[in-house]
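Notes to accompany the following structure.
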């Protein structure tokens, strides 16, 4: 089974609008971390936001927030007030185990976001 | 955040030659680094986990004799693509764990083109 599933290969959003990028995950480990990365056309992977499995509140980082629904095993990324520079590939990832106990990251297939002026 | 560099950023080589890619952690020590391969518009595929002072751990299906990994110091891991062929053309990215969440910080990637 896929560890990370991103069902939206491509998304479009109007500038200044909010957009939600979907991510569901599959694990039997009670301890895990969820990550979102942005990959612009230059290729570099940029860390955006983190959610730990025991975190009670949804993570937020500036215009990024993570809608963490543990029972549904979903970790959707919400980008508010979209900007043209947000156009990129977005990858959801999971690490089983917390801290130094988990090593391998599992990546989703990514969502290509295009912000329309 | 932590900085990971990669060199070279682009390389074009002839079929049959070997290419070495360096991955450095610039402001922290990394006992473990990761090497990924990414095809156009695809996700990252973990190739191997590079461990300082010991042998790398390769993922299933990755030829360890073709993709040689050396992690000789706490700040440097190298990936050597031996006897490269056109099908080895890809984007190779390294990463290391750091930060409060042990998130992975990625290098800028190396685009390899084998003619």
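Residue numbers (our numbering), protein chains in the order written: chain A, 2 to 118; chain B, 122 to 236. Note that the Cβ used here is the ideal one computed from N, Cα and C, for glycine as well. All values reported here derive from a predicted model rather than from experimental measurement.
Three-state secondary structure (DSSP) of residue i
| i | result |
| --- | --- |
| residue 22/A | strand |
| residue 103/A | Low local confidence applies: a pLDDT of 49 at residue 103/A is under 50, so the model's placement there is unreliable, and no value is given. |
| residue 86/A | helix |
| residue 97/A | strand |
Environment of residue i [buried if 16+ CB atoms lie within 10 Å]
| i | result |
| --- | --- |
| residue 84/A | exposed |
| residue 225/B | buried |
| residue 8/A | exposed |
| residue 206/B | exposed |
| residue 73/A | exposed |
| residue 109/A | buried |
| residue 218/B | buried |
| residue 159/B | buried |
| residue 112/B | Residue 112/B lies beyond the range of chain B shown here (122 to 236); nothing can be said about it. |
Beta bridge counterpart(s) of residue i as assigned by DSSP
| i | result |
| --- | --- |
| residue 146/B | 125/B |
Contact check, residue i vs residue j, beta carbons under 7 Å
| i | j | result |
| --- | --- | --- |
| residue 39/A | residue 91/A | yes |
| residue 133/B | residue 231/B | no |
| residue 86/A | residue 164/B | no |
| residue 144/B | residue 220/B | no |
| residue 4/A | residue 95/A | yes |
| residue 190/B | residue 171/B | yes |
| residue 199/B | residue 187/B | no |
| residue 115/A | residue 79/A | no |
Residue range of the unbroken beta strand (DSSP E) whose run includes residue i
| i | result |
| --- | --- |
| residue 218/B | 211 to 219 |
| residue 113/A | 112 to 117 |
| residue 183/B | Here residue 183/B belongs to no beta strand (DSSP E), and DSSP marks it neither H nor E. |
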